[in-house]
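Heads up, the thing below is written out as structure tokens.
In UniProt numbering, the protein residues as written are 1 to 100.
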């Protein structure tokens, strides 16, 4: 097993989670015109199963687990927009402005 020689090493790193790595072995040359399919099935307790169906070969599966809950997002009120530039008294330090 050598990455890039007889397959590919796939690593999925969820935000705030641990990387999960699996090796997907090269299949046949593809002369038969059969294309592999990939499915993702939702499991229980925040898991998903990724399955590679390669015609003529056993399925390759790996389980992906949800990472930790992230911090709360901003309130969405810090982007100003309009046809004229904002006045110095509008918004607060750090706000963004989009000229529409």
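By construction, the Cβ of each residue, glycine as well, lies at the ideal position given by its N, Cα and C atoms. All values reported here derive from a predicted model rather than from experimental measurement.
Hey, residue i and residue j are a contact pair by Cβ (cut 8 Å); roughly how many whole angstroms apart?
i: residue 67; j: residue 17; result: 3 Å
How about residue i and residue j: do their beta carbons lie closer than 7 Å?
i: residue 41; j: residue 49; result: yes
i: residue 51; j: residue 61; result: yes
i: residue 81; j: residue 98; result: yes
So residue i is in the beta strand (DSSP E); what residue range does that whole segment cover?
i: residue 20; result: 20-25
i: residue 99; result: 96-99
i: residue 43; result: It is not in any beta strand (DSSP E) - residue 43 carries neither H nor E in the DSSP assignment.
Residue i: which of the options sits nearest, CA to CA?
i: residue 39; options: 12, 92 and 59; result: 59
To which residues of the same chain is residue i closer than 8 Å at the C-beta, ignoring the five residues directly before and after it?
i: residue 36; result: 27, 52, 53, 54 and 55
i: residue 79; result: 95, 96, 97 and 98
Can you list, in chain order, the residues of its chain whose CB lies under 7 Å from that of residue i, leaving out five sequence neighbours each side?
i: residue 100; result: 81, 82 and 83
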